[in-house]
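Numbering follows this note's numbering, in which position 30 of the sequence shown is assigned residue number 226; successive positions increment by one, without gaps.
C-beta: ideal position from N, C-alpha, C; glycine also.
Report on the following structure.
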Amino acid sequence: MNAERIFHSADFFQPSDDEPLRTVVTESPEAVIVAWCVLPGQRIAAHVHPHGQDTWTILAGEGEYLLDATGTTRRVGAGHVVVAHTGCVHGVHNTGAQPLLFVSVVSPAEAGYRPV
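Here it is, written out as structure tokens:
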């Protein structure tokens with residue numbers, strides 16, 4: 197197990213013109229922590245974690261956060277913390293002019309992933 201317990205998020209954000217990149221910061225059986233960089237116009241498609249929760253802390257940028265399978269969204273930006281409880285549909289579309297940067301904590305690490 198990695199003994200490191202303090203990380204700087206800026207070390208993990210990786211922009212990609214193709215699709216948003218997910219970079220693992222650290223993981224344990226209890227949780228996986230990931231840094232996301234979503235460029236303007238990019239989106240993370242609707243999905244669920246059938247066996248756990250996904251909590252995002254938005255550090256920079258803005259976008260439309262998907263709240264359900266019917267397409268309901270809410271604008272989110274720097275300072276927001278958004279929670280997708282077990283089985284809740286979520287995703288995001290960067291509608292801003294700057295990269296959308298956030299840290300995701302999925303708990304437990306084996307929460308699963310299913311596209312919607």
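Would you please state the rounded distance, in angstroms, between the beta carbons of residue i and residue j? I believe it to be under 8 Å.
i, j, result
"ALA231", "PHE209", "5 Å"
"GLY308", "PRO225", "Contact flag wrong, Cβ pair sits at about 14 Å."
"LEU297", "GLY257", "6 Å"
Give me the Cα-Cα distance between residue i and residue j, rounded to the nearest whole angstrom.
i, j, result
"GLU223", "ILE229", "6 Å"
"GLN189", "HIS204", "The structure shown does not extend to residue 189, since the chain is modelled only from 197 to 312, so the question has no answer here."
"GLY273", "VAL299", "13 Å"
"GLU260", "ARG270", "5 Å"
"MET197", "VAL301", "No answer about MET197 holds up, because its pLDDT of 48 lies below 50 and its placement is not dependable."
"VAL312", "LEU262", "12 Å"
Taking 7 Å as the line, does the beta carbon of residue i fall inside it for any heavy atom of the ligand MG?
i, result
"HIS289", "Ligands displayed in this structure: none; no statement on the ligand MG is therefore possible."
According to DSSP, is residue i helix, strand or coil?
i, result
"SER205", "helix"
"VAL279", "strand"
"VAL285", "coil"
"VAL272", "strand"
"THR291", "coil"
"VAL299", "strand"
"PRO304", "coil"
"PRO216", "coil"
Starting from residue i, follow the beta strand (DSSP E) in both directions and report where the run begins and ends.
i, result
"SER212", "Looking at the DSSP string, SER212 is not in any beta strand (DSSP E), and its letter there is neither H nor E."
Task: Segments of 3+ residues assigned as beta strand (DSSP E) that fall wholly inside the segment 221-270 - done: For the segment 221-270, whole beta strand (DSSP E) runs of length 3 or above, ordered along the chain, are 228-234, 239-244, 249-256 and 258-262.
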